[in-house]
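Take the sequence shown: its position 225, counting from 1, is numbered 522 in UniProt numbering, and each next residue is one higher.
Glycine residues also receive a C-beta, built at the ideal position from the N, C-alpha and C atoms.
This report refers to the structure that appears directly beneath it.
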Amino acid sequence: EMKERGGDGYKIYEHGTIKKSIERMVLENELSKSIELGCFHLDYQPIFNLATSNLTGVEALVRWDHPDLGRIPPDQFIEIAEETRLIICLGKWVLRQACRQARKWEEKGYYYTMAVNVSAVQLADPEFLMIVKNVLEDEGNNPSLLELELTESVLGNQAEILGVVEEIRKLGVKIALDDFGTGYSSFSYINELPIDTLKIDRSFIHNLDAKVQNGAIVEAILSIANTIELNVVAEGIERQEQLTILKKLGCQEGQGYFYSKPIEAEECEKYMKINRQSE
Ligand code: C2E
Ligand code: MG
Ligand code: MG
Ligand code: MG
298 EMKERGGDGY KIYEHGTIKK SIERMVLENE LSKSIELGCF HLDYQPIFNL ATSNLTGVEA
358 LVRWDHPDLG RIPPDQFIEI AEETRLIICL GKWVLRQACR QARKWEEKGY YYTMAVNVSA
418 VQLADPEFLM IVKNVLEDEG NNPSLLELEL TESVLGNQAE ILGVVEEIRK LGVKIALDDF
478 GTGYSSFSYI NELPIDTLKI DRSFIHNLDA KVQNGAIVEA ILSIANTIEL NVVAEGIERQ
538 EQLTILKKLG CQEGQGYFYS KPIEAEECEK YMKINRQSE
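Okay, here's the thing in structure tokens:
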């Protein structure tokens, strides 16, 4: 409307900037309120062994259920939660909630890996190791069924962070490198990282098709991972064709809409029941 009043491009720009920063302030404020009120829940995306189609684990994914704005996806608030450090509180809740659910499943005889995303800000928090220890003790989980998902940028950082990761692994907890291939570190020192699992970013899975060259990167990742005995999970499998290629390339595990979207705990449990019957 400013344009109509005089075509002042600068004002349009300014107007947009102000609008953005107001939106941002509102979101920050709402995020902090929602954390206090507990307006979040976890969905779980099943992860499968590609060769056998058996369920191997689930990934916990946080959902913000805003009373007025509705469901807000993580891509729209995790970054803000990190910048405001609200992620420390939210992440602690996510970890406890995921472990509580995993423990409920353990009690029913469902032993599956529970993967939980952890941000760099959480890992840099001096209390993080203690938080993990306490949650595992309080909830009574088998630590080896918990897997923390970190990204390359987190692990590529300081020796201090790597030390914390080593301590966490000493508890028996597994570490996964999430979104692998999107960072810079990549191949060169992957064998030096304290990790158990590589999750191939879905951008590499996206264009897997009959063209051999599109599979070259995935093939290279798998060949290195097999050599250093890392477990590999392919993210974002959407089509049968991708699954077929991944199986042929020897990828062990995968998740994606082809199998299931992230779903509520109860629905996820159905997969566990089916899985038990087929074993
Ligand atoms: P991520 O950890 O890489 O999680 C996988 C994302 O890919 C999820 O998005 C999932 O819904 C989506 N996805 C799974 N299969 C497919 C598929 O076949 N096709 C497509 N197009 N997408 C698929 P979501 O739930 O929106 O989460 C986005 C990101 O937000 C996550 O990426 C993770 O980085 C972050 N996030 C989610 N929950 C948490 C959390 O509790 N803590 C932290 N720190 N980050 C979280
Ligand atoms: Mg993840
Ligand atoms: Mg990922
Ligand atoms: Mg991610």
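Residue i beta carbon near ligand 1 (any heavy atom closer than 7 Å)
i           : result
VAL391      : yes
GLN552      : yes
VAL429      : no
ALA357      : yes
residue 263 : Absent from the structure is residue 263, since the part of the chain shown begins at 298 and ends at 576.
GLU333      : no
Within 8 Å, strictly: CB atoms of residue i and residue j
i           : j      : result
TYR409      : LEU352 : yes
GLU436      : ARG393 : yes
ALA357      : MET427 : no
LEU420      : ILE458 : yes
VAL432      : CYS396 : yes
ASN414      : GLU446 : yes
residue 254 : PHE477 : In the structure displayed, the chain extends from 298 to 576; residue 254 sits before or after that span and is not available.
ALA562      : TYR341 : yes
LEU546      : LEU519 : yes
heavy atom of ligand 3 below 7 Å from residue i C-beta
i      : result
GLU532 : yes
ASP422 : no
ASP506 : no
ASP340 : no
ASP476 : yes
CB-CB length for residue i against residue j, believed under 8 Å
i      : j      : result
PHE555 : ARG536 : 6 Å
GLU403 : ASN438 : 7 Å
ILE487 : PHE501 : Going by Cβ atoms, the distance from ILE487 to PHE501 rounds to 15 Å, so no, they are not a contact pair.
ARG360 : PHE337 : 6 Å
ASN523 : ASP493 : 14 Å between Cβ atoms; not a contact.
GLU516 : ILE344 : Going by Cβ atoms, the distance from GLU516 to ILE344 rounds to 21 Å, so no, they are not a contact pair.
Near ligand 2: residue i beta-carbon under 7 Å from a heavy atom
i      : result
ASP365 : no
GLU446 : yes
ASP362 : no
Ligand 6 heavy atom lying under 7 Å from the CB of residue i
i      : result
LYS496 : Of the ligands one can find in the structure shown, namely ligand 1, ligand 2, ligand 3 and ligand 4, none is ligand 6.
* Asked: Would the region 380 to 392 and the region 450 to 470 be scored as touching if the rule is three or more Cβ pairs under 8 Å?
  -> By the C-beta criterion, the region 380 to 392 is judged not to be in contact with the region 450 to 470, since fewer than 3 inter-stretch pairs fall below 8 Å.
* Entirely within the region 385 to 441 and at least 4 residues each: give me those alpha helix (DSSP H) ranges in chain order. => Along the length of the region 385 to 441, whole alpha helix (DSSP H) runs at least 4 residues long occupy 417 to 421 and 425 to 436, reported in chain order.
* Asked: Can you find at least 3 beta carbon pairs, one from the region 507 to 516 and one from the region 549 to 568, that sit closer than 8 Å?
  -> By the C-beta criterion, the region 507 to 516 is judged not to be in contact with the region 549 to 568, since fewer than 3 inter-stretch pairs fall below 8 Å.
* Run through the region 461 to 505 for me and flag every whole beta strand (DSSP E) of 3 or more residues, listed as ranges in chain order. => As far as the region 461 to 505 is concerned, its whole beta strand (DSSP E) runs of at least 3 residues are 471 to 477 and 494 to 497.
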